[in-house]
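**Student:** Let me begin by handing over the structure; questions about it come next.
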């Protein structure tokens, strides 16, 4: 039995943090007010939107209520007034960001399994949910996506996704499995940042 | 009672002007013949395509007939032979472009309200319809989207969108409301160009 | 009567070759392991995904089984260990690539006609299927899409598409028509490479 109030809380927290990440990039790129807002939306709901389009779940999830819209819009004045503090609070930020990608991974898997996709494809859709908001943010900012070179959070997502599928095989689906899988995402990500893990692809 | 022949006329005029805008960028970037055609299509039908995908209206609108395809293709020889004149006729061009974004905004709102989305989300879909053709044009040309930095037409779209929602609250939906809302878009855009309005987002 | 085992074979071969093309670009751009995998997927299934989204066929085709996923993943170690040989075997590679775009064109047309789209729009969807994987690969690598400037394979796709529509008008739909249309794609592409054909768009 899933505790949806917990899921919803982390979903909104993740959306907020992704919005902040989009706004920070937009500020750095000297985008104007609308550039900031558009990048906030693309970063925070882009991954879930692509997932929903691909699995055929439309209108896409965030459009069905106004919670996500309000969350993203709320991030704008907060970033405007607290941008210095936010830059200092990088650790708190990182925790929420990691919680966010962890949860987006699991949500993507759940939605995909529900419509009958195979676990392999569901894992991929989980990673798409978590990673493509950032990819779209970087493409719209005219950068090479960070996830292709610097960050290995795709690896953290994949580990959490596989852990979640594995746990669901050996026990009933539950919020415990979800929290364990998110813990895997957090652990791998923090370990990788601390130890500067990287997985280069050097051909001879 | 909406006058669809008027809507259809402005829709096609808007599609044509957006196609011209894509072709002009493609010429400047020295794209070849197919690059020109692809950029013409992406610019003119890109925003409506993204909106239709997100609200789940497929096959997307322009694919259901050949009017849009013919309109876009017709823009290619016209730009080829009249590119110099078109560059001189910037004012006429601007009027149509502004009519186009005005109408695309209203069309996007209408289609979204029709499938039961909230007014807030409908306003966003209106802006997506009007703005994302240009965003995709710039991304495919490897530029930072103009709407993020130089042009404030997202603001014009938003103003027109809010005017339209407001007018529909106080009176019956009608072509008058639509034309008034498009007038708001045009007025805000021309005022902003004349007075060089900008809405920077400067954090301390 | 279509021979689906032949279609499936060329589909998978095309997917494999497109994956290799994505991996090669990712290696050149020094992407890490996940960047390589994501670019392999985007290149190989991107065009078909966009087509399926636009015609409203979801979940998109490749997600319904694991064949495409396995094909793309298999390309990764092969490229890792054989990258030097692959660069030498450019001709074989080119044949498969051309077979791939030929077949992707025909598949896109078939799927579009089946849901009742007009032949003109079906031809466009055929070209989208064949060309947009490469467009997305280049956009995600922060390059101007190659098809806009250097390669005229959009022209080869268009020729094959028109040949296919024409052949189906004068005879029953068959694998012969399909193979003839793919031959047109191959012939035009090889001729264009050999003779350095280009179709510039130079306005006065």
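Residue numbers (our numbering), protein chains in the order written: chain C, 19 to 222; chain U, 19 to 222; chain R, 19 to 222. Note that beta-carbon positions come from the ideal geometry of N, C-alpha and C, so glycine has one too.
#1: I'd like the list of long-range same chain contacts for residue 174 of chain R, defined as Cβ closer than 6 Å, with 5 residues on each side in sequence excluded.
#2: In or out: residue 64 of chain U buried (at least 16 other Cβ within 10 Å) or exposed?
#3: Within 8 Å, do at least three Cβ pairs link the region 146 to 158 of chain R to the region 97 to 110 of chain R?
#4: Between the beta-carbon of residue 124 of chain C and the beta-carbon of residue 45 of chain C, is there less than 8 Å?
#5: Could you name the residues of the region 76 to 96 of chain R whose beta carbon sits closer than 9 Å to any beta carbon of chain C, in the order they occur along the chain?
#6: With H, G and I counted as helix, E and B as strand and the rest as coil, what does DSSP make of residue 193 of chain C?
#7: Quick check: the Cα distance between residue 56 of chain U and residue 152 of chain C, rounded to an integer number of angstroms?
#8: List the endpoints of the continuous alpha helix (DSSP H) containing residue 151 of chain C.
#9: For residue 246 of chain R, which residues of its own chain have a beta-carbon under 6 Å away from its beta-carbon, when the five flanking residues on both sides are left out?
#10: With contact counted as at least three CB pairs below 8 Å, one residue from each stretch, are the region 82 to 95 of chain C and the region 128 to 142 of chain U in contact?
#11: Among the candidates R:67, R:39, R:187, R:78, whose CA atom is the shortest distance from the CA of residue 107 of chain R?
#12: What is the DSSP secondary structure of residue 186 of chain U, reduced to helix, strand or coil?
#13: DSSP state of residue 161 of chain R, grouped into three classes?
#14: If the criterion is Cβ atoms closer than 8 Å, does the pair residue 51 of chain U and residue 219 of chain R meet it?
#15: Please classify residue 62 of chain U as buried or exposed, where buried requires at least 16 neighbouring CB atoms within 10 angstroms.
#16: Between residue 171 of chain C and residue 144 of chain R, what straight-line distance do the alpha-carbon atoms span, to the nearest angstrom?
#17: Report the rounded CA-to-CA distance for residue 53 of chain C versus residue 128 of chain R, giving the unit in angstroms.
#18: At the 8 Å Cβ level, is residue 219 of chain R part of the contact set with chain U, yes or no?
#19: Taking its Cβ as the centre, do 16 or more other Cβ atoms sit within 10 Å of residue 27 of chain C, making it buried, or is it exposed?
#20: Check whether chain R comes within 8 Å of residue 67 of chain U, counting only Cβ atoms and requiring the distance to be less than that.
#21: Using beta carbons (cut-off 8 Å, strictly below), is residue 184 of chain U in contact with chain C?
#22: CA-CA distance, residue 112 of chain R and residue 132 of chain R?
#23: Measuring CA to CA, which of C:217, C:77, C:94, C:23 is closest to residue 165 of chain C?
#24: Is residue 29 of chain R close to chain D, meaning its C-beta is less than 8 Å from at least one C-beta of that chain?
#25: In its own chain, which residues sit with a C-beta less than 7 Å from the C-beta of residue 70 of chain R, not counting the 5 before and 5 after it?
#26: Does the beta-carbon of residue 92 of chain R have 16 or more other beta-carbons within 10 angstroms, so that it is buried, or is it exposed?
#27: Taking the C-alpha atoms as reference points, what is the distance between residue 270 of chain C and residue 72 of chain C?
#28: Taking 8 Å as the threshold (beta carbon to beta carbon), is residue 50 of chain R in contact with chain C?
#29: Between residue 195 of chain C and residue 185 of chain C, how many whole angstroms is the CB-CB distance? I'm expecting something under 8 Å.
#30: Step through the CB atoms of chain C and report whether any lies within less than 8 Å of the CB of residue 167 of chain U.
#31: Please list the partners that residue 73 of chain U has in chain R, where partner means a Cβ-to-Cβ separation under 7 Å.
#32: Hey, does residue 19 of chain R have any beta-carbon neighbour from chain U nearer than 8 Å?
#33: Less than 8 Å separating the beta-carbons of residue 58 of chain U and residue 94 of chain U?
#34: When we look at the beta-carbon of residue 110 of chain C and count the other beta-carbons within 10 Å, is it buried (16 or more) or exposed?
#35: Among the residues of its own chain, which have a CB less than 8 Å from the CB of residue 30 of chain C, if the five just before and after it don't count?
#36: If you drop the 5 nearest sequence neighbours on each side, which residues of the same chain put their C-beta closer than 6 Å to that of residue 114 of chain R?
**Tutor:** Well, looking at it:
#1: The count along the third chain starts at 1 and reaches residue 174 of chain R at position 156. Counting only Cβ-Cβ distances below 6 Å, and skipping sequence neighbours, we find 203, 206, 207.
#2: For the purposes of this step, residue 64 of chain U is identified with residue 46 of the second chain, where counting begins at 1. By the neighbour-count rule (16 or more Cβ atoms within 10 Å), residue 64 of chain U is buried.
#3: no
#4: Counting from 1 along the first chain, the entry for residue 124 of chain C is found at position 106. Counting from 1 along the first chain, the entry for residue 45 of chain C is found at position 27. It is not a contact, given that the beta carbons lie outside the stated cut-off.
#5: 76, 77, 78, 80, 81, 82, 83, 84, 87, 88, 94
#6: Within the first chain, numbered from 1, the residue matching residue 193 of chain C stands at position 175. Reduced to three states, the DSSP call for residue 193 of chain C is helix.
#7: Within the second chain, residue 56 of chain U is the residue found at index 38, counting from 1. Within the first chain, residue 152 of chain C is the residue found at index 134, counting from 1. Going from the Cα of residue 56 of chain U to the Cα of residue 152 of chain C covers about 26 Å.
#8: The residue labelled residue 151 of chain C in the question sits at position 133 within the first chain. That run of the alpha helix (DSSP H) goes 137 to 158.
#9: With chain R covering 19 to 222 only, the question about residue 246 of chain R has no answer from this structure.
#10: yes
#11: Here residue 107 of chain R corresponds to residue number 89 of the third chain, with the count starting at 1. Of the candidates R:67, R:39, R:187, R:78, the one whose C-alpha sits nearest the C-alpha of residue 107 of chain R is R:39.
#12: Position 168 of the second chain, counted from the first residue, corresponds to residue 186 of chain U. Note: residue 186 of chain U maps to helix in three-state DSSP.
#13: The residue labelled residue 161 of chain R in the question sits at position 143 within the third chain. DSSP places residue 161 of chain R in coil when its eight states are reduced to three.
#14: Numbered from 1 along the second chain, position 33 holds the residue referred to as residue 51 of chain U. Numbered from 1 along the third chain, position 201 holds the residue referred to as residue 219 of chain R. Taking 8 Å as the Cβ cut-off, residue 51 of chain U and residue 219 of chain R qualify as a contacting pair.
#15: Taking the first residue of the second chain as position 1, residue 62 of chain U is located at position 44. Its Cβ being crowded by 16 or more others within 10 Å, residue 62 of chain U is buried.
#16: The count along the first chain starts at 1 and reaches residue 171 of chain C at position 153. The count along the third chain starts at 1 and reaches residue 144 of chain R at position 126. Distance between the alpha carbons of residue 171 of chain C and residue 144 of chain R: 35 Å.
#17: Against the first chain, residue 53 of chain C aligns to sequence position 35. Against the third chain, residue 128 of chain R aligns to sequence position 110. Answer to the nearest angstrom: the Cα atoms are 40 Å apart.
#18: Stepping through the third chain from its first residue, residue 219 of chain R is reached at position 201. Judged by the 8 Å Cβ criterion, residue 219 of chain R is in contact with chain U.
#19: If you number the first chain from 1, residue 27 of chain C lands on position 9. Residue 27 of chain C is exposed by the Cβ-count criterion.
#20: Here residue 67 of chain U refers to the residue found at position 49 of the second chain. Yes, residue 67 of chain U counts as interfacial toward chain R.
#21: For this step, residue 184 of chain U is matched to residue 166 along the second chain. No - not a single Cβ of chain C is within 8 Å of the one on residue 184 of chain U.
#22: On the third chain, residue 112 of chain R is found 94 positions in, with the first residue counted as 1. On the third chain, residue 132 of chain R is found 114 positions in, with the first residue counted as 1. Taking the straight line joining both Cα atoms gives about 30 Å.
#23: Stepping through the first chain from its first residue, residue 165 of chain C is reached at position 147. Of the candidates C:217, C:77, C:94, C:23, the one whose C-alpha sits nearest the C-alpha of residue 165 of chain C is C:217.
#24: Looking for chain D here will not work: the only protein chains present are C, U and R.
#25: Residue mapping note: residue 70 of chain R aligns to position 52 of the third chain, counting from 1. Cβ within range, chain order: 76, 78, 79.
#26: Here residue 92 of chain R refers to the residue found at position 74 when the third chain is read from its first residue. Counting Cβ neighbours within 10 Å, residue 92 of chain R comes out exposed, since fewer than 16 surround it.
#27: An answer regarding residue 270 of chain C cannot be provided, because it is not within the stretch 19 to 222 covered by chain C.
#28: Sequence index remark: in the third chain, residue 50 of chain R carries index 32 (1-based). At least one chain C Cβ lies under 8 Å of residue 50 of chain R.
#29: Stepping through the first chain from its first residue, residue 195 of chain C is reached at position 177. Stepping through the first chain from its first residue, residue 185 of chain C is reached at position 167. Confirmed, about 4 Å.
#30: Translated into positions along the second chain, residue 167 of chain U becomes position 149. Yes - at least one Cβ of chain C is within 8 Å of the one on residue 167 of chain U.
#31: The residue given as residue 73 of chain U occupies position 55 in the second chain. Result: empty, since nearest Cβ-Cβ is about 12 Å, beyond 7 Å.
#32: Residue numbering aside, residue 19 of chain R sits at position 1 when the third chain is read from its first letter. Bear in mind that a pLDDT of 45 at residue 19 of chain R, under 50, signals an unreliable position, so the number given afterwards is only what the model happens to contain. Output row for residue 19 of chain R: interface = no.
#33: Stepping through the second chain from its first residue, residue 58 of chain U is reached at position 40. Stepping through the second chain from its first residue, residue 94 of chain U is reached at position 76. In this structure, residue 94 of chain U lies closer than 8 Å to residue 58 of chain U by Cβ.
#34: Within the first chain, residue 110 of chain C is the residue found at index 92, counting from 1. That one is exposed.
#35: Reading the first chain from its first residue, position 12 is the one you call residue 30 of chain C. Hits under 8 Å: 85, 86, 89.
#36: The residue labelled residue 114 of chain R in the question sits at position 96 within the third chain. Cβ within range, chain order: 31, 35.
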